[in-house]
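Protein chains: 2
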Amino acid sequence: MTEAARGTRGPGRRPGPTETREAILARARELFAEKGYDGASLRAIARAAGVDPALVHHFFGNKEGVFVEAMRFPVEPSVLLPRILAAPRDELGETMVRSFLLVWGDAERRARLLAMLRSAMTNERVAAMTREFLTSALFGRAGEVSGVPPLKVQAAVGHMIGVMILRYVLAVEPLASASEDELVRLLAPALQGYLG
Amino acid sequence: MTEAARGTRGPGRRPGPTETREAILARARELFAEKGYDGASLRAIARAAGVDPALVHHFFGNKEGVFVEAMRFPVEPSVLLPRILAAPRDELGETMVRSFLLVWGDAERRARLLAMLRSAMTNERVAAMTREFLTSALFGRAGEVSGVPPLKVQAAVGHMIGVMILRYVLAVEPLASASEDELVRLLAPALQGYLG
DNA sequence: GCTTGAATTCAACACATGATGAGTTATAAG
DNA sequence: CTTATAACTCATCATGTGTTGAATTCAAGC
């Protein structure tokens, strides 16, 4: 007898080693990135992972649990920040543009950042999480180390966030298809003004 | 007999002149601004307006109809743009910052812009609408009239959008409570760099 | 080779969503 | 005064949501 659809095989544990948990997280990241926290449903995540919704629940407790777990380290500031701040003071602008483009150019990390941003825009709790993350892990540290006043750091980061939205979310032309070098030439001077 | 709760009075048209349609639109704007397109439900809008969901339907056909109607003229570029472009060329930066702060400072207009932004971030169709609106009504005209290349205009607008998000959506301090003059001093030079 | 525990699905709950069709009351047009 | 049309609610549909409890199948510890 040919078994029906693959994966439609009753309850009970599956034989062999199990990696379902990671698979769920991967799909969760994709969906949170596409739709934001409220837009990505537990059931859609389960469906995408080929798994019963209750299993997602079993692993992560509730929807917020999935989100928190999926968002772990959207980007490690502890890795990225020193890399930026190590640059000579008169190249801070260019270095920052390049770092943003590097992170946002990588599909995996862009997904997490988009998820964070999309969710923060529409969900108050996620907005609070994001604010906390930004202030403590990014603005705080950056200002502390470099001596640049907070307002200027925030203006610089805000600038990059806005440009990333136009480029990656709204896909406005010609911004969306400009080359990395073009963007550096375009944006670095303004950032240098804030950080220099 | 004291009538029960106000507004809980059976079917049929209400006596006197009717302004319900406008009331619904007002509530719709508030909710779209708070939650975005997908987050704001037809039923919540109806509830907020003290009205049956079917009435919303009756007036606007479907949910997208409500949104389109509520978003009419989030900001009139035809009014704002000439005002900005009329400034002397070496004050374009400051004028633009002041214009953005003016529009975003007004609760009514901020609501529409937030609604647009929040919805565009999470809903593909609204993103398309927004892209269309931005390119035709804003980027196109602005570049055309002033002779500033599109990439630079977009960098400038992106900058302001990002800062507005940090200030009004994420409410990051000290950006969120900085005064208008502080912001002009902070941001005008960068914008002047793009537009001058 | 039992037994404990984890992985997995099923069935169901209570509730929210967008949409529809029919019915009721008022205004406006003839 | 009659009639048409607009405002308005009710009940209902089909579907989707997050969550729960029980049942089944496998993998390890003893």
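The listed protein sequences correspond, in order, to chains P and S.
Letter 163 of the first sequence, counting from 1, is numbered 165 in the numbering used here, and no numbers are missing.
Letter 53 of the second sequence, counting from 1, is numbered 55 in the numbering used here, and no numbers are missing.
Virtual Cβ for every residue (Gly too), placed ideally from N, Cα, C.
From residue i to residue j, what distance separates their C-alpha atoms?
i, j, result
"Val-99 of chain S", "Val-147 of chain S", "19 angstroms"
"Ala-178 of chain P", "Glu-93 of chain P", "24 angstroms"
"Arg-169 of chain P", "Thr-132 of chain P", "21 angstroms"
"Val-68 of chain S", "Ala-139 of chain S", "22 angstroms"
"Ala-42 of chain S", "Pro-19 of chain P", "43 angstroms"
"Asn-125 of chain S", "Lys-37 of chain P", "7 angstroms"
"Gly-14 of chain P", "Arg-29 of chain P", "22 angstroms"
"Pro-191 of chain P", "Pro-152 of chain S", "17 angstroms"
"Gly-107 of chain S", "Phe-141 of chain S", "22 angstroms"
"Arg-120 of chain P", "Thr-22 of chain S", "33 angstroms"
"Pro-84 of chain S", "Phe-102 of chain P", "34 angstroms"
"Asp-183 of chain P", "Ala-25 of chain P", "36 angstroms"
"Leu-82 of chain P", "Lys-154 of chain S", "27 angstroms"
"Met-162 of chain S", "Pro-90 of chain P", "27 angstroms"
"Met-198 of chain P", "Ala-129 of chain S", "What sits at residue 198 of chain P in the sequence shown is Gly, not Met. Each residue's Cα considered, the two are about 35 angstroms apart."
"Val-105 of chain P", "Ala-48 of chain S", "43 angstroms"
"His-59 of chain S", "Leu-44 of chain S", "8 angstroms"
"Pro-176 of chain P", "Leu-116 of chain P", "21 angstroms"
In chain P, what lies closer than 9 angstroms to residue i by C-beta?
i, result
"Ala-129 of chain S", "Val-171, Leu-172, Ala-173"
"Leu-136 of chain S", "Leu-168, Leu-172, Val-174"
Answer with yes or no whether the minimum CB distance from residue i to chain P is below 8 angstroms.
i, result
"Leu-177 of chain S", "yes"
"Gly-63 of chain S", "no"
"Leu-197 of chain S", "no"
"Arg-133 of chain S", "yes"
Would residue i and residue j qualify as a contact pair, given that the criterion is a beta-carbon distance under 8 angstroms?
i, j, result
"Glu-66 of chain P", "Leu-27 of chain P", "no"
"Ala-157 of chain P", "Tyr-196 of chain P", "yes"
"Gly-12 of chain P", "Gly-164 of chain S", "no"
"Gly-95 of chain P", "Leu-193 of chain P", "yes"
"Val-174 of chain S", "Thr-137 of chain P", "yes"
"Ala-113 of chain S", "Ala-35 of chain S", "yes"
Shorter than 8 angstroms from the beta carbon of residue i to some beta carbon of chain S?
i, result
"Thr-20 of chain P", "no"
"Ala-144 of chain P", "no"
"Ala-180 of chain P", "yes"
"Asp-183 of chain P", "no"
Please list, in chain order, the chain P residues whose beta carbon lies closer than 8 angstroms to that of residue i.
i, result
"Lys-154 of chain S", "Leu-188"
"Pro-191 of chain S", "Gly-195"
"Arg-120 of chain S", "Met-123, Thr-124"
State the CB to CB distance for the pair residue i and residue j, rounded to an integer number of angstroms; the pair is presumed to be in contact (CB under 8 angstroms).
i, j, result
"Met-253 of chain P", "Met-123 of chain S", "Past the boundaries of the shown model lies residue 253 of chain P; chain P is included only from 3 to 198, so the question cannot be answered."
"Asp-40 of chain P", "Asp-54 of chain S", "Asp-40 of chain P to Asp-54 of chain S, Cβ: 25 angstroms. No contact."
"Leu-33 of chain P", "Ala-56 of chain P", "That pair is no contact at about 18 angstroms."
Residue i touches chain S at which residues, Cβ-Cβ below 9 angstroms?
i, result
"Asp-40 of chain P", "Lys-37, Gly-38, Asp-40, Gly-41, Thr-124"
Along chain S, which residues have their Cβ under 8 angstroms away from the Cβ of residue i?
i, result
"Met-162 of chain P", "Gly-164"
Given that residue i touches chain S, what residues does it touch there, using C-beta distances under 7 angstroms?
i, result
"Ala-157 of chain P", "Val-165, Leu-188, Leu-189"
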